[in-house]
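Enquirer: Numbering-wise (full-length UniProt numbering), the sequence shown opens with residue 1 and increments by one.
Don't be surprised by glycine CBs; every beta carbon is placed ideally from N, CA and C.
Have a look at this one.
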Amino acid sequence: MRKSIFILLSTFLLLNTLTTSLFAKEIKNVLIINSYHKGFEWSDKVIAGMEEFFYTTNIDANVLYMDSKRIASENYFDKLTELYDLQLKKHKYDLVVAVDKFAYAFILQNSKELDITQPIYFIGLEQYSKDEIKDYGLEKQVSGMLEKREIKTNIKIIKKLYPTLKKLYILNDQSANGDDSHKFIEEAIEEITDKFEVEYIRKIKFDDLIDKFSTYKENEALFFVRFYNDSTGKLYPNYEIASFMKNAKIPVFVTDDLFIKKGAIGGKLVDIKQLGRNSAKEIKKIMENKNSSVSIKTDDSYNYVFDYEKVREFNINPNILNEKFKYVNAPLSFFEKNRLFIDFVFIISPFLVFLILGLIHNLYLRIKSSKKLKQRMQFDKVLLDSIKSPIVWEDEKGFIVDSNAKFDELLEMSTNIIKGKKLKDFIENGNVKKLLSLLKTFVDKNCFESNAIVLKSKDNKEHIYMIDQTDYTEDIYRTSGTVVVFTDVTKEKLALREKIKHQEFMIQQSKLAEIGEIFSSIAHQWKTPLLEITTIAQEQIYTTNKKIIDEKNNAFVNDIMVQVRYMGETISDFQNFIMPSKRKVSFNISEAVTKMLEIINHNIKYNYIKTNVQVQKDANLNILGYKNELMQILLNIVNNAKDSIVKRRKEKRIKEGIININIRNIQNDVLIQIEDNGGGIPKEHIKNIFKPYYTTKENGHGIGLYMAKLIIEDKMDGTIEVENTNNGAMFSIKLGAKL
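So, in structure tokens, the structure goes:
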């Protein structure tokens with residue numbers, strides 16, 4: 001406690017000592033003669049910078065205003081001389097400051113009348129003459145700070161920002177200050193090597209100036225050096241000039257920060273207020289006798305400044321200058337927009353700290369108490385994820401509580417997305433649609449007759465799942481819901497399907513074998529009388545006297561022999577055709593088609609149907625498969641085409657029946673296309689004709705095309721498809737060619 005009191009007392013004594021020593025210094029008085037009136041922004045900013053610096057020193061400044069922009073007659077200046085003479089006699093000043101050209105000239109010309117013996121310091125001149133100072137005998141009294149406008153540099157900046165610049169306007173009024181700048185402008189124009197036009201404007205009416213730049217001109221810019229008085233001599237206040245800049249339709253570049261934020265786009269600018277500060281620093285040195293000799297310096301307080309809104313309006317990029325710059329009128333940052341809120345938070349932050357500490361302590365206790373529960377939950381999650389069957393559980397309202405990895409994989413979604421939502425929220429997912437449709441049937445939880453569903457996995461393969469749905473109740477939080485378990489039975493179901501198909505194939509072959517045996521018996525019975533007929537015909541030839549045999553009888557016997565031979569061959573063909581194949585053999589598709597057509601040739605001709613067979617030249621038509629079964633498939637398709645044609649002819653919708661058979665290679669496959677003009681298959685039936693026991697015929701059994709698909713796709717690794725054409729239906733069979 002004692003130590004704290006000692007520190008406070010020591011601090012108070014130190015501050016008191018410093019304050020006393022500061023006021024103990026002798027007050028220095030400075031007279032500032034301003035060339036212009038109060039409210040003239042340029043000089044006001046210069047003086048504000050000086051006063052800002054003087055405020056921390058022992059220098060006291062008094063300002064007198066000449067108002068030379070509005071009144072500049074000799075009579076007026078004579079009256080000012082009398083006034084300032086009284087001011088200087090009444091008050092003692094240690095230094096006289098001349099702000100800009102008019103005040104400087106006034107002090108030089110009236111230095112003897114005003115009896116100015118103290119140092120003189122000028123501010124803001126662009127040019128000065130040592131000879132002029134000598135003429136007045138003031139070479140040991142006059143110091144100053146020159147203001148240099150970066151005219152050359154700004155012209156280069158304009159060209160760099162506008163590479164396609166075609167015309168540059170330079171604006172400078174006809175004032176005395178304008179005359180000082182004129183020399184530097186002329187030098188800058190002479191040094192321009194780029195190919196763009198320069199229009200130097202010094203004499204123009206203000207209204208004409210507004211009109212001149214009121215319309216947009218592509219690839220043109222205005223360089224504003226100075227303009228207070230127009231060609232009529234009228235003085236325009238800054239707000240009117242700022243309004244002109246803001247409404248100008250081409251970019252306006254400037255040399256100082258007077259019109260920044262007021263319509264000018266920017267450039268390399270003189271910091272006017274900093275000019276005042278720097279001048280005040282030099283004045284302080286003079287008054288402290290640190291500068292025993294006069295000092296003329298040039299201010300270098302330049303900043304690259306651009307108006308953000310104007311930069312966007314004219315689509316320029318200051319970054320290409322490779323100079324450090326700052327924006328004005330830029331959008332407010334988050335901290336600037338929310339300054340009050342941030343200050344409020346800062347004020348209440350101590351209370352928030354205590355509150356946060358309390359919450360952290362409470363959270364720590366909760367984490368500590370729930371750590372074991374989380375470990376258990378993680379263990380359960382790992383256990384569930386290790387189960388290969390998808391599992392999902394919902395609450396009583398249908399919201400998903402959790403699921404294992406397999407269920408997420410099934411829907412191709414993460415647990416974070418699924419959790420807390422209903423399955424119907426993902427109705428666009430194809431698997432979800434099927435799942436919801438099936439789950440609606442689980443009204444009676446003991447009914448499991450139709451609890452199988454086919455869903456697609458990531459690899460687009462179909463998987464068959466058996467679904468088991470069970471209710472659960474949780475007593476601690478009194479919640480309930482449903483657990484659904486999916487058991488993948490794809491392998492078992494596919495094996496069963498293959499077994500059924502194989503059995504159907506074997507049954508079909510067994511039936512064909514039985515039919516073949518019956519037909520063999522019939523063929524045997526038929527061949528015996530055919531043999532007798534052949535014997536009788538031959539005996540007739542050999543027993544009859546050759547002289548008696550005439551040409552008519554001989555032709556009759558020959559006809560009998562031809563017909564008997566044809567009937568024998570036909571019976572043999574039917575016998576070979578009807579017998580099932582015992583194994584796969586290599587055969588030619590074209591030959592099989594030809595053989596099949598020979599078998600039904602009589603039936604086709606009888607129904608007046610024309611068959612066209614087109615075989616690709618030099619095609620590889622050899623395949624490995626079941627020849628007789630394939631011929632039966634082709635026969636079934638052709639017979640169906642024949643039935644459609646006959647039906648359509650009876651309806652008098654066609655006159656001639658046509659069946660086209662096209663055989664060709666497609667890469668390494670053989671393609672057989674059978675097309676008819678029988679009117680096609682109705683749209684409502686075409687998707688179902690390959691299903692077992694599905695028929696469109698009155699007395700059909702619906703097994704022919706089903707067995708065709710089974711044999712082609714499952715037994716011969718091919719494909720069979722059907723589509724409607726303009727006049728009928730076309731079956732396409734694709735089988736792998738034997739290389």
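Taking a contact to mean a Cβ-Cβ separation below 8 Å, would you say Met466 touches Val489 in this structure?
Expert: In this structure, Val489 lies closer than 8 Å to Met466 by Cβ.
Enquirer: Apart from the five residues on each side of it in sequence, which residues of its chain come closer than 8 Å, Cβ to Cβ, to Glu282?
Expert: The answer, listed in chain order, is Tyr121, Ser143, Met145, Asn291, Ser295, Lys297.
Enquirer: What three-state label does DSSP hand Thr695 in the structure shown?
Expert: Coil.
Enquirer: So, with DSSP's three-state summary, where would you put Ile27?
Expert: Coil, per DSSP.
Enquirer: In three-state terms, what does DSSP make of Arg226?
Expert: The answer is strand: DSSP assigns Arg226 an E or B state.
Enquirer: For Asp676, count neighbouring Cβ atoms within 10 angstroms of its own Cβ and tell me buried if that reaches 16, exposed if not.
Expert: Burial call: buried.
Enquirer: Taking C-beta to C-beta, are Leu31 and Val96 nearer than 8 Å?
Expert: The answer is yes: Cβ separation under 8 Å.
Enquirer: So what does DSSP say about Ser586, is it helix, strand or coil?
Expert: Residue state, collapsed to three classes: strand.
Enquirer: Pick from Asn588, Ile400, Gly137, Lys195: whose alpha carbon is nearest that of Asn665?
Expert: Closest by alpha carbon: Asn588.
Enquirer: Taking Ser301 as the reference, which of Glu147, His37, Ala248 has the closest Cα?
Expert: Residue Glu147 is the option with its Cα nearest to Ser301.
Enquirer: Measuring CB to CB, does Leu64 end up less than 8 Å from Asn29?
Expert: Going by C-beta atoms, Leu64 is not nearer than 8 Å to Asn29.
Enquirer: Contact between the region 152–166 and the region 63–77: three or more CB pairs below 8 Å?
Expert: Segments in contact, no.
Enquirer: From the DSSP secondary-structure annotation, give me the bridge partner or partners of Glu721.
Expert: Glu721 pairs with Ser732.
Enquirer: Note the first and the last residue of the continuous beta strand (DSSP E) segment covering Gly657.
Expert: Counting along the chain, the beta strand (DSSP E) containing Gly657 begins and ends at 657–666.
Enquirer: Judging by CA-CA distance, which residue of Gly679, Ile659, Lys683 is the nearest neighbour of Ile672?
Expert: Cα-wise, what sits closest to Ile672 is Ile659.
Enquirer: Taking 8 Å as the cut-off, decide whether the C-beta atoms of Tyr136 and Leu171 are in contact.
Expert: Their beta carbons are not under 8 Å apart, which means Tyr136 does not touch Leu171 by this criterion.
Enquirer: Kindly give me the distance between the Cβ atoms of Phe40 and Met66, rounded to whole angstroms, as I take these residues to be in contact under 8 Å.
Expert: Wrong, their Cβ atoms sit about 10 Å apart, outside the cutoff.
Enquirer: Roughly how many whole angstroms lie between the Cα atoms of residue 740 and Lys156?
Expert: Absent from the structure is residue 740, since the part of the chain shown begins at 1 and ends at 739.
Enquirer: By the DSSP assignment, the beta strand (DSSP E) with Ile609 in it spans what residues?
Expert: Counting along the chain, the beta strand (DSSP E) containing Ile609 begins and ends at 609–615.
Enquirer: Flag this pair as touching only if the region 706–718 and the region 617–627 have three or more C-beta atom pairs under 8 Å; answer yes or no.
Expert: A contact exists between the region 706–718 and the region 617–627.
Enquirer: Could you tell me the alpha carbon to alpha carbon distance between Leu710 and Ile703, rounded to whole angstroms?
Expert: The alpha-carbon atoms of Leu710 and Ile703 are separated by roughly 10 Å.
Enquirer: Kindly give me the distance between the Cβ atoms of Asn724 and Ile689, rounded to whole angstroms, as I take these residues to be in contact under 8 Å.
Expert: At roughly 12 Å, the Cβ-Cβ gap does not stay under 8 Å, so Asn724 and Ile689 are not in contact.
Enquirer: Determine the extent of the alpha helix (DSSP H) in which Leu332 is found, giving its start and end residues.
Expert: Run containing Leu332: none; DSSP gives neither H nor E here.
Enquirer: If I'm right that Phe206 touches Tyr236 with Cβ under 8 Å, what's the distance once you round it to whole angstroms?
Expert: About 6 Å; that satisfies the 8 Å criterion.
Enquirer: By DSSP's criteria, Ile120 is part of a beta bridge. Which residues make up the other side?
Expert: Beta-bridge pairing links Ile120 to Val96, Val142.
Enquirer: Would you report the Cα separation of Ser521 and Tyr706, rounded to the nearest angstrom?
Expert: Its pLDDT being 48, under 50, Ser521 is placed unreliably by the model, and nothing is read from it.
Enquirer: Looking at the unbroken alpha helix (DSSP H) that takes in Ser181, where does it start and where does it end?
Expert: 176–190 is the span of the alpha helix (DSSP H), which, as asked, contains Ser181.
Enquirer: By how many angstroms is the C-alpha of Gly398 removed from the C-alpha of Lys368?
Expert: Spanning the two alpha carbons is a distance of roughly 32 Å.
Enquirer: In angstroms, rounded to a whole number, what distance separates the CA positions of Ala330 and Ile316?
Expert: Answer to the nearest angstrom: the Cα atoms are 15 Å apart.
Enquirer: Starting from Leu624, trace the beta strand (DSSP E) in both directions and tell me its first and last residue.
Expert: Residues 622–625.
Enquirer: What are the partner residues of Thr473, as DSSP defines its beta bridges?
Expert: DSSP output for Thr473 lists Ser480 as bridge partner(s).
Enquirer: So who's on the other strand from Gln673, going by DSSP bridges?
Expert: Gln673 is bridged to Asn662, Ser732.
Enquirer: So for Met66, helix, strand or coil by DSSP?
Expert: Here Met66 sits in coil by DSSP.
Enquirer: Whole angstroms are fine: how far does the CA of Lys422 sit from the CA of Glu396?
Expert: About 11 Å.
Enquirer: With a 10 Å radius around its C-beta and 16 neighbouring C-beta atoms as the bar for buried, classify Thr470 as buried or exposed.
Expert: With fewer than 16 Cβ atoms within 10 Å of its Cβ, Thr470 is classed as exposed.
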